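S.K.:
Number of protein chains: 2
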Amino acid sequence: MSYICAANFGQYMFEVQGSDRETKARAGLLHTPHGDIPTPVFMPVGTGGTVKGILQRDLTDDIDAKIILGNTYHLYLRPGTEIIKAAGGLHSFMSWGRPILTDSGGYQVFSLAGNRKLTDEGAVFKSHIDGSRHLFTPENVIDIQRIIGSDIMMVLDECAPFPCDHRYAKKSVALTHHWLDRAVQYFKATDPVWNKEQFLFPIVQGGVFDDLRKISAEKVAEAGMAGNAIGGLSVGEPADEMYRTIEIVNGILPQDKPRYLMGVGTPVNILESIERGIDMFDCVMPTRNGRNGMLFTSEGIINIKNRQWIDDFSPLDPDPPSSVSSTYSKAYLRHLIISGEILGSQISSIHNLAFYLRLVAKAREKILEGNFKSWKESMVKKLSERR
Amino acid sequence: MSYICAANFGQYMFEVQGSDRETKARAGLLHTPHGDIPTPVFMPVGTGGTVKGILQRDLTDDIDAKIILGNTYHLYLRPGTEIIKAAGGLHSFMSWGRPILTDSGGYQVFSLAGNRKLTDEGAVFKSHIDGSRHLFTPENVIDIQRIIGSDIMMVLDECAPFPCDHRYAKKSVALTHHWLDRAVQYFKATDPVWNKEQFLFPIVQGGVFDDLRKISAEKVAEAGMAGNAIGGLSVGEPADEMYRTIEIVNGILPQDKPRYLMGVGTPVNILESIERGIDMFDCVMPTRNGRNGMLFTSEGIINIKNRQWIDDFSPLDPDPPSSVSSTYSKAYLRHLIISGEILGSQISSIHNLAFYLRLVAKAREKILEGNFKSWKESMVKKLSERR
Chain A
12 MSYICAANFG QYMFEVQGSD RETKARAGLL HTPHGDIPTP VFMPVGTGGT VKGILQRDLT
72 DDIDAKIILG NTYHLYLRPG TEIIKAAGGL HSFMSWGRPI LTDSGGYQVF SLAGNRKLTD
132 EGAVFKSHID GSRHLFTPEN VIDIQRIIGS DIMMVLDECA PFPCDHRYAK KSVALTHHWL
192 DRAVQYFKAT DPVWNKEQFL FPIVQGGVFD DLRKISAEKV AEAGMAGNAI GGLSVGEPAD
252 EMYRTIEIVN GILPQDKPRY LMGVGTPVNI LESIERGIDM FDCVMPTRNG RNGMLFTSEG
312 IINIKNRQWI DDFSPLDPDP PSSVSSTYSK AYLRHLIISG EILGSQISSI HNLAFYLRLV
372 AKAREKILEG NFKSWKESMV KKLSERR
Chain B
12 MSYICAANFG QYMFEVQGSD RETKARAGLL HTPHGDIPTP VFMPVGTGGT VKGILQRDLT
72 DDIDAKIILG NTYHLYLRPG TEIIKAAGGL HSFMSWGRPI LTDSGGYQVF SLAGNRKLTD
132 EGAVFKSHID GSRHLFTPEN VIDIQRIIGS DIMMVLDECA PFPCDHRYAK KSVALTHHWL
192 DRAVQYFKAT DPVWNKEQFL FPIVQGGVFD DLRKISAEKV AEAGMAGNAI GGLSVGEPAD
252 EMYRTIEIVN GILPQDKPRY LMGVGTPVNI LESIERGIDM FDCVMPTRNG RNGMLFTSEG
312 IINIKNRQWI DDFSPLDPDP PSSVSSTYSK AYLRHLIISG EILGSQISSI HNLAFYLRLV
372 AKAREKILEG NFKSWKESMV KKLSERR
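Chain order of the listed sequences is A and B.
Numbering of the first sequence is given in my numbering, commencing with residue 12 and proceeding in unit increments.
Numbering of the second sequence is given in my numbering, commencing with residue 12 and proceeding in unit increments.
(1) Counting only the same chain and skipping the five closest in sequence on each side, list residues whose C-beta sits under 6 Å from that of L364/A.
(2) In whole angstroms, give me the CA-to-CA distance for L344/B and L86/A.
(3) Quick one: grab the DSSP three-state call for R287/B.
(4) Return yes when the Cβ of S356/A is within less than 8 Å of the Cβ of I140/B, no when it is not.
(5) Using the Cα positions of N300/A and L70/A, report the straight-line distance between them to the nearest angstrom.
(6) CB-CB under 6 Å to T43/A, same chain, minus the five flanking residues each way: which ones, in chain order?
(7) Taking buried to mean at least 16 other C-beta atoms within 10 Å of its own C-beta, is L146/A buried or exposed?
(8) Between which residues of its own chain and I241/A is the CB-CB distance below 6 Å, once the five residues before and five after are set aside?
(9) Can you name the start and end residues of the alpha helix (DSSP H) that P49/B belongs to?
(10) Since M164/A and L211/A should fall inside the 8 Å C-beta cutoff, what is the C-beta to C-beta distance between them, to a whole number of angstroms?
(11) Consider the Cβ of F366/B: report whether some Cβ of chain A lies at a distance smaller than 8 Å.
(12) Can you say whether C16/A is buried or exposed, counting buried as having 16 or more other CB atoms within 10 angstroms of its CB?
(13) Assuming P332/A and F366/A form a contact by the criterion Cβ under 8 Å, report the distance between their Cβ atoms to the nearest whole angstrom.
(14) Which same chain residues, not among the five before or five after Q132/A, have their C-beta less than 8 Å away from its C-beta?
(15) Against chain B, with Cβ distances strictly below 8 Å, would Q319/A count as a contact?
(16) Taking all protein chains shown into account, do 16 or more other C-beta atoms lie within 10 angstroms of the C-beta of H177/A, making it buried, or fewer, making it exposed?
(17) Starting from the beta carbon of E352/B, find every residue of chain D whose beta carbon is closer than 7 Å, and list them in chain order.
(18) In the region 84 to 106 of chain B, which residues sit with their C-beta less than 7 Å from some C-beta in chain A, listed in chain order?
(19) At the 8 Å Cβ level, is Q119/A part of the contact set with chain B, yes or no?
(20) For the region 334 to 353 of chain A, enumerate the residues whose C-beta is nearer than 9 Å to any C-beta of chain B, in chain order.
(21) Near S395/A, which residues of its chain fall below 7 Å by C-beta distance, leaving aside the five closest residues on each side in sequence?
(22) Tell me which same chain residues have a C-beta within less than 6 Å of the C-beta of K35/A, skipping the five on either side of it?
(23) Of the residues V275/A, G235/A and A228/A, which one's Cα is nearest the Cα of L264/A?
(24) Can you grab the Cα-Cα spacing for the pair R224/B / T113/B, in whole Å?
(25) Quick one, which of I79/B, F136/B and G217/B has its alpha-carbon nearest W107/B's?
(26) May I have a chain-ordered list of the alpha helix (DSSP H) segments no shorter than 4 residues that lie completely inside the region 70 to 126 of chain A?
(27) By the criterion of Cβ-Cβ separation under 9 Å, what are the contact partners of Q357/B in chain A?
(28) So if DSSP puts N239/A in a beta bridge, which residue, or which two residues, is it bridged to?
(29) In chain order, which alpha helix (DSSP H) runs of at least 4 residues are fully inside the region 139 to 198 of chain B?
(30) Any residues in the region 121 to 144 of chain A with a beta carbon nearer than 8 Å to a beta carbon of chain B? Which ones, in chain order?
(31) Shorter than 8 Å from the beta carbon of D322/A to some beta carbon of chain B?
(32) Closer than 6 Å by C-beta to G125/B: which residues in its own chain qualify, once you throw out the five before and the five after it? Chain order, please.
(33) State yes or no: is the C-beta of G262/B within less than 8 Å of the C-beta of K393/B?
(34) Rounded to a whole number of angstroms, what is the C-alpha to C-alpha distance between D31/B and G235/B?
(35) Going by DSSP, which residues form a beta bridge with E26/A?
(36) Just to confirm the assignment, what range does the alpha helix (DSSP H) spanning G276/B have?
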């Protein structure tokens, strides 16, 4: 019998604390073994056990990240489950005391690995590091995530490419649903490794096909897990199609459970999705684009490499989300990024993540105050500017 | 007439607070416009206006760097003096409130730049960044350092290669001395740009030739500047020759002025040089080698990439010099370095610099307590171990 005997498998991990009257936006609280998470929330991506370029103490003290994301694919390949197990799980390995969500590895198998082959059994793939062959199944990615000890685990899914035709997407959704059944069954039959409750989120797929998204959302809702996710968006489709898909799916997913939109997106994408009832986000954009000189500021989006900043000694952001944003000037950061200095990546990443975290915290505040809609409209306008 | 009218040109910037009875080691205090510096001191290298991989707040709060070094060559090429001037000097540009020492660019012209040509006038060289042609003279490197606003400036010198024959070394020393005369004259005739006193240190050269080192040390001592430096060591010669050269030079350089050994070295090199009367050090080793996985610890020197650390979850150092040294494990840092993660460079650099800073602080304490010699012997033994 399972270690966690609660027959509900954690579906009461979430409480809605306030709902916007004009939109579908809501503010909530996620309860996890490593602490509560106010929602909407943005999760910095900590691929291989590190949010690139940021010390853990800066994640808590300067950015105030409530939860971070780890990639099962990366962690499984390096350092490997044996090391993570010997360390006592990922929290201990990376000295991180707050919650962690891990994806299932499905997305990376399709975006990073070589020679992948899908069967009913699972996904065979080659490591992008050393070419070695591996198999991910709905069951073994749960085993891996049990060892990692993430607070929230994700089911193995196929993230179909964009564009793809209806025929392919339908077949892909069927495979994802087959894997979902096995994942849920295996999840219920197994225990956490680290004596702490873990949640499993299923993932809605179906590309931009409304009929498939509906079927998938119903399937996911029926699984009765503690929270649910929407995958396969922000993969190249127009933003309008993404928003339409979110509306369809969120009309079906239960109101009383958290909804996680995977891998999205720009600040505007996030605000539009919060309006449509999304609670959780992750995206590499603030760190990856930051390393390349893209800054999200209260004055709009900036490419710090542009010549216009060469002698602009004003702070990175007049409304600084983090201490680095007021300490350093645009001209200094431009110099660091142009020179390929590590410190440029560090400062951009801290600033951008702090910007994202403050944005979702502000959205939460506005939802609870009852004036989300007008605030969001003004923010979308501001954040669409490029300077 | 010069802005700073003090006819001594700052020679009273230094006070010796304690001298070891058994050795030439001494503890002192350097007074600069940006604060006092207890000696012996180690200066982290901040080449292009950044100590690679380290936020300025971590340099002060975690490492407690009392002064950092900037490279005139790098700063002149990028961002360039125009930008540094517009920023109000380097302190302001990089948001660093503590003292800065800048080298003259001489060393980089020989180690980095292409197509260099030496004349009486100065050094013509090609930028390693874009191949553009430039000229450094004894005068214009002072102009550049005036704009940078460093607390301590260095004279232009030729750092002769090792090995080189006596004939070449003699010619090289003559050129360095010719440049020194011009530098001192120009220094006395010009004012600081930022209304703050700046000191100029001349540099003793002469390779490993005792006669040339004596001549050069006498020449440098006669210049009557506030402090003096020894260059051209740790360029490939055996450590014993370096120590012998230091002894010869320090026998001639004035006791009441600080002595700066440029670009040295390992922790053992530093202790041996402190014993021989050196007060100031800089070296890229703790950061550059740190980025590559070499850790200086209280248990000896570690190559963190070695397989033996793969599942060693003990802290980086049982006697942690910085907070990262106790927060993170050897296995975690190994994983980061092996994976090429930025955070690996950050943690190694903070740890190693904190280790160096603590080592010289401890040396100072032991000198003042009067038991430097025995402590040094035990430390040299410890620090020579490789694990």
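By construction, the Cβ of each residue, glycine as well, lies at the ideal position given by its N, Cα and C atoms.
Note that the coordinates shown come from a computational prediction; the quantities given were computed from them, not determined experimentally.
M.R.: Considering the structure as presented:
(1) These residues qualify, in order along the chain: P55, I74 and P297.
(2) 14 Å
(3) coil
(4) No. Outside cutoff.
(5) 18 Å
(6) Cβ contact annotation for T43/A (same chain, cutoff 6 Å, sequence separation greater than five): P110 and D162, in chain order.
(7) Exposed, because fewer than 16 other Cβ atoms sit within 10 Å of the Cβ of L146/A.
(8) V215, V260 and L272
(9) Premise fails: P49/B lies in the beta strand (DSSP E), G46 to T50, not in any alpha helix (DSSP H).
(10) 5 Å
(11) no
(12) Per-residue confidence for C16/A stands at a pLDDT of 39, beneath the threshold of 50, marking its modelled position as unreliable; the derived number appears in the next sentence. Exposed, by the Cβ-count rule.
(13) The pair is a contact, with the Cβ atoms about 5 Å apart (cut-off 8 Å).
(14) The amino acid occupying residue 132/A in the given sequence is Glu; Gln does not appear at that position. Hits under 8 Å: L146 and T148.
(15) no
(16) exposed
(17) Note that chain D does not occur in the displayed structure, where the protein chains are A and B.
(18) R89, P90, I94, A97, A98, F104, M105 and S106
(19) no
(20) Hits within the stretch, in order: S334, V335, T338, Y339, S340, A342, Y343, R345, H346, L347, I349, S350, E352 and I353.
(21) V279
(22) R287 and G288.
(23) A228/A
(24) 23 Å
(25) The candidate whose alpha carbon is nearest that of W107/B is I79/B.
(26) Correct list: 83 to 88, 92 to 98, 101 to 104 and 117 to 122.
(27) Within 9 Å Cβ-Cβ: G64, I65, L66, I353 and Q357.
(28) Beta-bridge pairing by DSSP links N239/A to R270/A.
(29) Here the runs fully enclosed are 151 to 159.
(30) none
(31) Interface residue, yes.
(32) Closer than 6 Å at the Cβ level, and outside the excluded window around G125/B, lie K137.
(33) No, they are not a contact pair.
(34) 25 Å
(35) Paired residues: L40/A.
(36) From DSSP, G276/B is part of no alpha helix (DSSP H); its letter is neither H nor E.
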